[in-house]
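Asker: First, the structure itself, so that you have it in front of you.
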Amino acid sequence: MMPPTPDNQPGTSDSKHDGGSGTTRFGAESQTHGGGGNPRMERRTSTGLSSVNNKSMLLRSQTQDFDHNRWLFETKGTYGIGNAFWQEDQNTFEEGVSMQDFMDKPWKPLTRKIQIPGAILSPYRLLVVVRIVILVMFLTWRIRNPNHEAMWLWGISIVCEIWFAFSWLLDILPKMNPINRSTDLGALHDKFDQPSDTNPTGRSDLPGIDVFVSTADAEKEPPLVTANTILSILGVNYPIEKISCYISDDGGAILTFEAMAEAVKFAEVWVPFCRKHNIEPRNPDAYFGLKKDPTKNKKRHDFVKDRRWIKREYDEFKVRINGLPEVIRKRSKSHNSKEEKKAKQSAKEKNGGTLPNDYTSDVPKATWMADGTQWPGTWYGPTPDHSKGDHAGILQVMSKVPHHDPVMGFADEKTLDFTGIDIRIPMFAYVSREKRPGYDHNKKAGAMNAMVRASAILSNGPFILNLDCDHYFYNSLALREGMCFMMDRGGDRVCYIQFPQRFEGIDPSDRYANHNTVFFDGNMRALDGLQGPMYVGTGCMFRRYALYGFEPPRFIEHTGVFGRVKTKVNRNAPQAKLDDETQPLTSDSEVGYPQKFGSSTMFTDSISVAEYNGRPLADHKSVQNGRPAGALLSPRPPLDAPTVAEAIAVISCWYEDKTEWGDRVGWIYGSVTEDVVTGYRMHNRGWRSIYCITKRDAFRGTAPINLTDRLHQVLRWATGSVEIFFSRNNAIFASRRLKFLQRISYLNVGIYPFTSLFLVVYCFIPALSLFSGQFIVEGLNVAFLVYLLLITICLTLISLLEVKWSGIALEEWWRNEQFWVIGGTSAHLVAVIQGLLKVVAGIEISFTLTSKSAGDEDVDDFADLYIVKWTSLFIMPLTILIINLIALVMGFLRTVYSVIPEWNKLLGSMFFSFWVLSHMYPFAKGLMGKRGRVPTIIYVWSGILSITIALLWITIDPPGDSMKKGSMSI
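For the sequence shown, this note's numbering gives the first residue as 5, with consecutive numbering after it.
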């Protein structure tokens, strides 16, 4: 709207109008309201007419143009109405309108989807199609042009190449629609943490979150590492009263229990220190280990003094944690000695004051707690009822439910000045589920389900974040980033938010592709453009309601060819009553509570509450299935004895009998990769997931850099994939709610280990060619070389574009390719064998935990990289390596000393042999250790293989006329 200046008033127009009336909005309004007249319109008209009378005074002397600036100065004209300028002393516009009407922020989405630029994605898709066409043409040509001189070699290579093309197709198709996402933390703060009509006090209206940390062995997973993870959780930037932290100690170790008690005590000073100085990261070990200047961007004058004090406190905390094993042993020894003396004294009293000659002590060597009671979990000397697989359930709330209102600190000479700083810490509970002989406890999945039930009783957060004990918060805002997706429109259809895994302590060259960036930045980002990323075991925020096995409120069914026909299904029928929108989606008739969830009524009552509290805010017409603002402002009730007793009951080993826990509810049982299966089940019900990549890494953890540990880790994953392939969780049997390309990605999860069978054979083909003097084709003709060149160029261009949209480095891509061959010829092959043994013979597979390093400051940071720990997984890749080296020498000598040397076949075989050796280079480097010394086992294995190959060669192809042709005849 223009201000009422003389050059835009009705009377100043040069054109003639009927009746002398203007054509502005005001004129139209006056005509609409009749001739009675409007006082406000009369004032506006009089203002315009007075301006017209002064127009001649305001014309520029030379150009006769209207001088707008002079008019504004002399008549105090306004700029109109808006949030840039507002003049209060003139009633120029309608009454009831004020500046505040323009200052209220409009509704904003919390997240935004960022498409990959078409200049990158379109050529990428085109090249994929081109390479598919070339592969079809190449394989057709290969089948129609056999090598009659070596049909056996031609046949083997054809089968392998067809499988490789199929495997590549399964991998590349789900990557056709990658996307990026961004969040708006400012909009989240304005919507949930600011005062409003429904929230006059400005309390946080965000839903609660329960954070799960799992550990199982205090020796392989050091308590100091776990304690640092807990400290980073307790210091997270999220409403304190809305956070609850749980640790599952599946080993029932008193060392972990007392380390957590020490961590909670240290958190009382560490967490306020982090809030006061905005510390990142909030893992003390990671923070004090940073190489950068700690004073950067710090403005408080007492920061240096506070940091020095808290560093000393942390050092003392580490000493106490490291000294706990000895303290517990001494304490237990002292208490056991007292018990032994009491037993002897009792025996003497019963025997008339003398100790019987046949007296034998029956006092158990118990493990004692600091309060003088026996530890109910696993003892150092295992006994019945006190061993790793046989102990009572333990639940200890170490940090109570925080007060609903902030508790401000004060200046304390003994600690720090926390004046104006909220010193509350979130609730923290130690959980160790009951274990008894004869029960299948289902490893990590069973422990997670026990925590789900216990947390539902104690805190019932609508969302659950699970972390491994070595994965800590690197970004204190990570929960808010994930909550943006859950609370945005359409968030009620999201079952979980998966964060990428980032690792520390990896060698600079990343020899064994431990960062796995090709998967986390490539595959997972691409799946986010379909139905969502897979669940990868840690760093995942779940919707509790989805974990319980329920369907989403809305989903799409895909039918027809490639799922092109889409049918939307809305469980919230449009004809439902309005008041039904505020009611939970569950009902007794739909759920069948006792059969599915067990006998705890307190737990079943919590389900509908968790569903309702997890809904997004109904503050816009586009938000479906929302809740009203201000619904989550009431304080949490304090815990009482019956509530804690019920939580202990639901972690008993018998609770899951005749229920659907592990089958439909919670983490799914039956696979060593329970994470992938759990995520697959949710997607199969119609839920979708989100991949949340934050600017600052959300979480960081550790990964094994030793070759043996790395291969055993890959072996576990691959074995789980084989189990999935032979189970009902195979994507072939998925429902119509799973998108076609999402189905392909899950199908690839179960199929990729079987590629190892063809990969091992194909790695021996160059050696067989060199030994026999033959090649997979009759000769290196033009057609073969052109096809090979086109396939290589397409693959290179596809890889470059994939690197472009995923953001990974070329070196990372190459390391991933190398380890794909190393893992494929070792761990994947053994996984297929183990999986087949389990399916055919029923032989169960057990795995050991990957050790988490506590970080010794006195040794090399990458010392584990150079340790050679022999394992049977080395046999196959070592055999491939040695045989190809021997074949190169023998093939070269054979060709040189042949009467009719066939150099084209030699060059073709040598090219493929060097291809195999270049991929095996990290494996060979790992075998030689830090100083490049070749282990004795390699010399022994090389000698055995050399002798075996020589004897086989002489037996199959004795010296004779074959040397003239350079061929082998069987």
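No residue lacks a Cβ here, since even glycine has one placed at the ideal position from N, Cα and C.
Out of curiosity, what's the CA-to-CA distance linking Ala-980 and Leu-228?
Answerer: This structure leaves residue 980 out entirely; the chain is present only between 5 and 974.
Asker: Excluding sequence positions up to five away, which residues of its chain have a Cβ less than 8 Å from the Cβ of Asn-203?
Answerer: Residue numbering aside, residue 203 sits at position 199 when the sequence shown is read from its first letter. Around Asn-203: Asp-209, Ala-633, Gly-634 and Leu-637.
Asker: Less than 9 Å between the beta carbons of Lys-392 and Gly-293, yes or no?
Answerer: As a working mapping, residue 392 is identified with position 388 in the sequence shown. As a working mapping, residue 293 is identified with position 289 in the sequence shown. Against a cut-off of 9 Å, the Cβ pair of Gly-293 and Lys-392 comes out as no contact.
Asker: Per the DSSP calculation, Met-412 is bridged to which residue(s)?
Answerer: Along the sequence shown, one-based indexing puts residue 412 at 408. For Met-412, which the question treats as bridged, DSSP gives the partners Asp-426.
Asker: If you compare alpha carbons, which of Asp-474, Thr-230 and Lys-743 is closest to Gln-535?
Answerer: For this step, residue 535 is matched to residue 531 along the sequence shown. It is Lys-743 whose Cα lies nearest to the Cα of Gln-535.
Asker: Taking the beta strand (DSSP E) that Cys-544 belongs to, which residues open and close that run?
Answerer: In the sequence shown, counting from the first residue as 1, residue 544 sits at position 540. That run of the beta strand (DSSP E) goes 544-547.
Asker: So, for Ile-244: in the same chain, excluding its five sequence neighbours on each side, which residues have a beta-carbon less than 6 Å away from its beta-carbon?
Answerer: Here residue 244 refers to the residue found at position 240 when the sequence shown is read from its first residue. Correct list, in chain order: Pro-406, Arg-428 and Pro-430.
Asker: So, Thr-382 versus His-390, is the Cβ gap smaller than 9 Å?
Answerer: Locating residue 382 in the sequence shown gives position 378, where the first residue counts as 1. Locating residue 390 in the sequence shown gives position 386, where the first residue counts as 1. Remark: C-beta atoms of Thr-382 and His-390 approach each other more closely than 9 Å.
Asker: Among Arg-548, Arg-529, Asn-149 and Arg-279, which has the Cα closest to the Cα of Met-412?
Answerer: If you number the sequence shown from 1, residue 412 lands on position 408. Ranking the options by Cα distance to Met-412, first place goes to Arg-279.
Asker: Would you identify the three-state DSSP class for Lys-117, choosing helix, strand or coil?
Answerer: Numbered from its first residue, the sequence shown carries residue 117 at position 113. Reduced to three states, the DSSP call for Lys-117 is strand.
Asker: If contacts are defined as beta-carbon pairs under 8 Å, then Trp-372 and His-339 qualify, I think. What distance do you get, rounded to the angstrom?
Answerer: The residue you call residue 372 lines up with position 368 of the sequence shown. The residue you call residue 339 lines up with position 335 of the sequence shown. About 4 Å; that satisfies the 8 Å criterion.
Asker: Below 6 Å CB to CB, which residues in the same chain sit around Arg-575 once its five sequence neighbours on both sides are set aside?
Answerer: For the purposes of this step, residue 575 is taken as the residue at position 571 of the sequence shown. Cβ within range, chain order: Pro-557.
Asker: Determine, using beta carbons only, whether Ser-403 and Phe-422 come nearer to each other than 9 Å.
Answerer: For the purposes of this step, residue 403 is identified with residue 399 of the sequence shown, where counting begins at 1. For the purposes of this step, residue 422 is identified with residue 418 of the sequence shown, where counting begins at 1. For Ser-403 and Phe-422, no; Cβs fall outside 9 Å.
Asker: On the three-state DSSP scale, how would you describe Tyr-384?
Answerer: As a working note, residue 384 is residue 380 in the sequence shown. Three-state DSSP puts Tyr-384 in coil, outside helix and strand.
Asker: Is it the case that the Cβ atoms of Cys-499 and Phe-546 are separated by a distance below 9 Å?
Answerer: Residue mapping note: residue 499 aligns to position 495 of the sequence shown, counting from 1. Residue mapping note: residue 546 aligns to position 542 of the sequence shown, counting from 1. Yes, the Cβ-Cβ distance between Cys-499 and Phe-546 is below 9 Å.
Asker: Go through its chain and collect everything with a Cβ distance to Ser-675's Cβ below 8 Å, but skip five positions before and after it.
Answerer: Position 671 of the sequence shown, counted from the first residue, corresponds to residue 675. Its chain contains Val-681, Gly-724, Glu-727, Ile-728, Ser-731 and Asn-733 as the residues whose beta carbon lies nearer than 8 Å to that of Ser-675, once the 5 sequence neighbours on both sides are disregarded; these appear in chain order.
Asker: Can you give me the C-alpha to C-alpha distance between Arg-148 and Met-141, rounded to a whole angstrom?
Answerer: To locate residue 148, count along the sequence shown from 1; it is residue 144. To locate residue 141, count along the sequence shown from 1; it is residue 137. The alpha-carbon atoms of Arg-148 and Met-141 are separated by roughly 11 Å.
Asker: Find out if the Cβ-Cβ distance for the pair Leu-719, Ala-835 is shorter than 9 Å.
Answerer: Residue numbering aside, residue 719 sits at position 715 when the sequence shown is read from its first letter. Residue numbering aside, residue 835 sits at position 831 when the sequence shown is read from its first letter. Closer than 9 Å, so yes.
Asker: Per DSSP, what kind of secondary structure is Leu-793 in: helix, strand or coil?
Answerer: Here residue 793 refers to the residue found at position 789 of the sequence shown. Of the three classes helix, strand and coil, the one that applies to Leu-793 here is helix, per DSSP.
Asker: Here's the rule: buried if 16 or more other CB atoms are within 10 angstroms of the residue's CB, otherwise exposed. What is Gln-587?
Answerer: Against the sequence shown, residue 587 aligns to sequence position 583. In this predicted model, Gln-587 has a pLDDT of only 45, less than 50, meaning its place in the structure is not dependable; the value taken from the coordinates is given anyway. Counting Cβ neighbours within 10 Å, Gln-587 comes out exposed, since fewer than 16 surround it.
Asker: Compute the Euclidean distance between the alpha carbons of Gly-828 and Met-528, then round it to the nearest angstrom.
Answerer: Translated into positions along the sequence shown, residue 828 becomes position 824. Translated into positions along the sequence shown, residue 528 becomes position 524. Between the alpha carbons of Gly-828 and Met-528 lies a distance of about 21 Å.
Asker: Reducing DSSP to helix, strand and coil, say where Asn-184 ends up.
Answerer: What you label residue 184 is simply residue 180 of the sequence shown in a count that begins at 1. Residue state, collapsed to three classes: strand.
Asker: Helix, strand or coil: how does DSSP classify Arg-29 here?
Answerer: Here residue 29 refers to the residue found at position 25 of the sequence shown. Bear in mind that the predicted position of Arg-29 carries a pLDDT of just 36, short of 50, making it unreliable; the figure below should be weighed with that in mind. The three-state reading of DSSP puts Arg-29 in helix, counting H, G and I together.
Asker: Sorted by chain position, which residues of the same chain lie with C-beta nearer than 6 Å to Arg-307's C-beta, five sequence neighbours on each side aside?
Answerer: Sequence index remark: in the sequence shown, residue 307 carries index 303 (1-based). The residue asked about is misnamed: residue 307 is Phe in this sequence, not Arg. Scanning its chain for C-beta atoms nearer than 6 Å, with the 5 sequence neighbours on each side dropped, one finds around Phe-307 the residues His-281, in chain order.
Asker: How big is the Cα-Cα spacing for Tyr-250 and Val-215?
Answerer: Within the sequence shown, numbered from 1, the residue matching residue 250 stands at position 246. Within the sequence shown, numbered from 1, the residue matching residue 215 stands at position 211. Cα-Cα distance, rounded: 6 Å.
Asker: Roughly how many angstroms lie between the CA atoms of Ala-577 and Val-627, to the nearest whole one?
Answerer: Taking the sequence shown and counting its residues from 1, the one referred to as residue 577 is at position 573. Taking the sequence shown and counting its residues from 1, the one referred to as residue 627 is at position 623. Caution applies to Ala-577, whose pLDDT of 40 falls short of 50 and renders its modelled position unreliable; the model cannot decide the point.
Asker: If Ile-332 and Ile-258 are in contact, beta carbons under 8 Å, what's the gap, nearest whole angstrom?
Answerer: Looking up residue 332 in the sequence shown gives position 328. Looking up residue 258 in the sequence shown gives position 254. The Cβ separation is near 6 Å, so the contact holds.
Asker: Leaving out five residues on either side along the sequence, give the residues of the same chain with a beta carbon under 6 Å from the beta carbon of Asp-559.
Answerer: Residue numbering aside, residue 559 sits at position 555 when the sequence shown is read from its first letter. In the sequence under discussion, the amino acid at residue 559 is Phe, which differs from the Asp named in the question. If we look at Phe-559 and ignore the five residues flanking it on each side, its Cβ neighbours are Val-573, Gly-690 and Arg-741.
Asker: Assuming Tyr-549 contacts Glu-615 (C-beta within less than 8 Å), just tell me the rounded distance between them.
Answerer: In the sequence shown, residue 549 corresponds to position 545, counting from 1. In the sequence shown, residue 615 corresponds to position 611, counting from 1. Between Glu-615 and Tyr-549 the Cβ distance is about 4 Å, and since that is below 8 Å, they are a contact.
Asker: Kindly provide the ranges of any alpha helix (DSSP H) runs that are 4 or more residues long and lie completely inside the segment 757-811, ordered along the chain.
Answerer: 759-776 and 786-810
Asker: Whole angstroms are fine: how far does the CA of Ser-946 sit from the CA of Pro-388?
Answerer: As a working mapping, residue 388 is identified with position 384 in the sequence shown. As a working mapping, residue 946 is identified with position 942 in the sequence shown. In a straight line, the C-alpha of Pro-388 is about 50 Å away from that of Ser-946.
Asker: Have a look at the DSSP bridge pairing and note the partners of Arg-704.
Answerer: The residue you call residue 704 lines up with position 700 of the sequence shown. Paired residues: Tyr-476.
Asker: Short of 6 Å in beta carbon distance, which residues of its chain neighbour Pro-150, apart from the five on each side in sequence? Order them along the chain.
Answerer: On the sequence shown, position 146 is the one that residue 150 refers to. For Pro-150, where only same-chain residues beyond five positions count, the Cβ hits under 6 Å are Trp-158.
Asker: Less than 9 Å separating the beta-carbons of Pro-504 and Tyr-695?
Answerer: For the purposes of this step, residue 504 is taken as the residue at position 500 of the sequence shown. For the purposes of this step, residue 695 is taken as the residue at position 691 of the sequence shown. Taking the C-beta atoms as reference points, Tyr-695 is found nearer than 9 Å to Pro-504.
Asker: For Ala-433, which residues does DSSP report across the bridge?
Answerer: Looking up residue 433 in the sequence shown gives position 429. According to DSSP, Ala-433 bridges with Tyr-250 and Val-401.
Asker: Determine the DSSP secondary structure at Glu-888, reduced to helix, strand or coil.
Answerer: Here the question's residue 888 lines up with position 884 in the sequence shown. Inspection of the sequence shows that residue 888 is occupied by Asn rather than by Glu. Looking at Asn-888 - three-state DSSP - the assignment turns out to be helix.
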